[in-house]
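Take 3 as the starting number for the sequence shown in my numbering and just add one per residue. Built from N, CA and C at the ideal position, the CB exists for glycine as well.
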Amino acid sequence: MSTLSRRTFLASATALSAAPALPAWATAPMLGAATPPFRRFKLGGFEVTTLLAGEATRPDPHTIFGLNVEEDEFNAVSEAAMIPTDQAQFFFTPTVVNTGSELVLFDTGLNAEGTTAALEAAGYSTDMIDTVVITHMHGDHIGGLMEGDTPTFANAGYVTGSAEFDHWAAAGDDNFEAKVRPLAEQFTMIGDGDAGFSGHTAMAAFGHTPGHMVHLIESEGESLMIAADFANHYVWSLAHPDWEVKFDMDKAAAAQTRKTLLDMLAAEKLPFIGYHMPWPATGFVEKTDSGYAYVPSSYQLRL
């Protein structure tokens with residue numbers, strides 16, 4: 003049996019380069035990067051579909067994450083994780099839960115166009131949505147509620163945390179006034195431990211916003227957490243829960259919430275969907291000697 007060495011490999015490459023070129027029958031066009039806009043998997047008797055409703059690249063991520071750490075530390079952590087320090091990639095990932103009797107959408111993306119397109123790619127139309135659950139009322143979660151003056155989800159009822167709704171209703175926020183206020187009478191308010199549908203439990207996870215909530219989904223003994231924005235980046239937030247994040251309204255409370263939920267996810271080996279986690283936004287948390295690590299799901303949710 004012959005042994006392949008660097009010398010023989012290079013010699014082979016030289017010989018190939020000297021061989022007559024074969025004719026090119028057609029020139030294939032460059033198609034550009036592509037990402038499937040949805041991922042679907044089973045959870046007991048439910049179907050869960052994550053939707054890629056939008057992406058965005060932002061410069062200078064240290065102005066967003068790790069506000070309380072020095073640049074050298076931020077750069078060292080980034081280099082160890084093999085991610086650039088001059089820009090960050092954000093994903094916006096609403097989730098559909100099909101219970102068999104109800105189609106529930108968690109959050110609505112930056113705008114109606116992106117979420118509608120992702121829903122349609124996944125085989126759904128906006129008028130099929132029975133319930134829209136809003137985890138919190140930042141613009142990238144409520145942006146798809148309205149298309150102009152028209153509700154995007156014509157047949158839906160709406161569910162959100164009462165503390166969250168009350169805060170934004172009194173805040174004079176333009177996004178709330180444009181996207182939520184027109185639907186206010188159709189909202190059902192819930193609190194910690196309440197359910198919006200069978201198999202659902204809401205959990206208070208305050209800090210990112212005053213009424214931010216995460217949501218446990220359970221069917222036939224299988225569970226996952228729709229974790230919204232408790233951690234906004236898999237390295238600069240999840241792996242370093244004490245790092246301050248620009249978008250966290252109460253930074254101390256947000257850090258404590260992160261640690262509480264990370265401990266829970268790691269201890270229970272519970273899969274979660276993170277709204278801004280790397281697409282397709284599903285993974286696990288590992289407790290390490292130095293803290294926590296994000297473990298992207300591979301085939302676990304397909305079994």
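Straight-line CA distance for residue i to residue j?
i: residue 131; j: residue 105; result: 5 Å
i: residue 85; j: residue 187; result: 45 Å
i: residue 278; j: residue 295; result: 15 Å
i: residue 175; j: residue 123; result: 32 Å
i: residue 138; j: residue 262; result: 19 Å
i: residue 268; j: residue 72; result: 28 Å
i: residue 271; j: residue 68; result: 27 Å
i: residue 243; j: residue 289; result: 12 Å
i: residue 222; j: residue 200; result: 12 Å
i: residue 62; j: residue 49; result: 38 Å
i: residue 202; j: residue 220; result: 7 Å
i: residue 224; j: residue 34; result: 38 Å
i: residue 148; j: residue 125; result: 21 Å
i: residue 82; j: residue 76; result: 10 Å
i: residue 144; j: residue 266; result: 27 Å
i: residue 259; j: residue 169; result: 19 Å
i: residue 107; j: residue 183; result: 19 Å
i: residue 87; j: residue 173; result: 34 Å
i: residue 293; j: residue 253; result: 19 Å
Relative to the alpha-carbon of residue i, which residue among the options has its alpha-carbon at the smallest distance?
i: residue 256; options: 281, 268, 230; result: 230
i: residue 146; options: 35, 302, 48, 53; result: 53
i: residue 285; options: 228, 212, 251; result: 228
i: residue 64; options: 48, 89, 272, 262; result: 89
i: residue 167; options: 36, 120, 190; result: 190
i: residue 273; options: 109, 49, 303; result: 303
i: residue 198; options: 252, 32, 133; result: 133
i: residue 114; options: 170, 125, 56, 259; result: 56
i: residue 209; options: 244, 236, 251; result: 251
i: residue 38; options: 287, 254, 305, 281; result: 281
i: residue 305; options: 148, 213, 33, 45; result: 45
i: residue 207; options: 152, 246, 232; result: 232
i: residue 234; options: 266, 283, 74; result: 283
Using 10 angstroms around the beta-carbon of residue i, count the other beta-carbons present and answer buried if the total reaches 16, otherwise exposed.
i: residue 160; result: buried
i: residue 301; result: exposed
i: residue 215; result: buried
i: residue 298; result: exposed
i: residue 291; result: exposed
i: residue 181; result: buried
i: residue 264; result: buried
i: residue 158; result: buried
i: residue 29; result: exposed
i: residue 31; result: exposed
What residues match up with residue i in a beta bridge as DSSP calls it?
i: residue 285; result: 274, 298
i: residue 224; result: 221
i: residue 304; result: Residue 304 pairs with nothing; no bridge assigned.
i: residue 236; result: Note: residue 236 sits in no beta bridge, so no partner.
i: residue 134; result: 107, 160
i: residue 206; result: 215
i: residue 56; result: 94
i: residue 100; result: 49, 105
i: residue 44; result: 49
i: residue 82; result: Per DSSP, none; premise fails for residue 82.
i: residue 75; result: According to DSSP, residue 75 bridges with nothing at all.
Measuring CB to CB, does residue i end up less than 9 Å from residue j?
i: residue 218; j: residue 204; result: yes
i: residue 275; j: residue 240; result: no
i: residue 140; j: residue 100; result: no
i: residue 128; j: residue 155; result: yes
i: residue 118; j: residue 109; result: no
i: residue 66; j: residue 248; result: yes
i: residue 47; j: residue 116; result: no
i: residue 42; j: residue 51; result: yes
i: residue 40; j: residue 171; result: no
i: residue 80; j: residue 287; result: no
i: residue 213; j: residue 164; result: yes
i: residue 151; j: residue 111; result: no
i: residue 162; j: residue 192; result: yes
i: residue 246; j: residue 70; result: yes
i: residue 92; j: residue 36; result: no
Kindly say whether residue i, judged by its beta-carbon, lies nearer than 9 Å to any beta-carbon of chain D.
i: residue 204; result: Among the chains in the structure shown there is no chain D, since it carries only a single protein chain.
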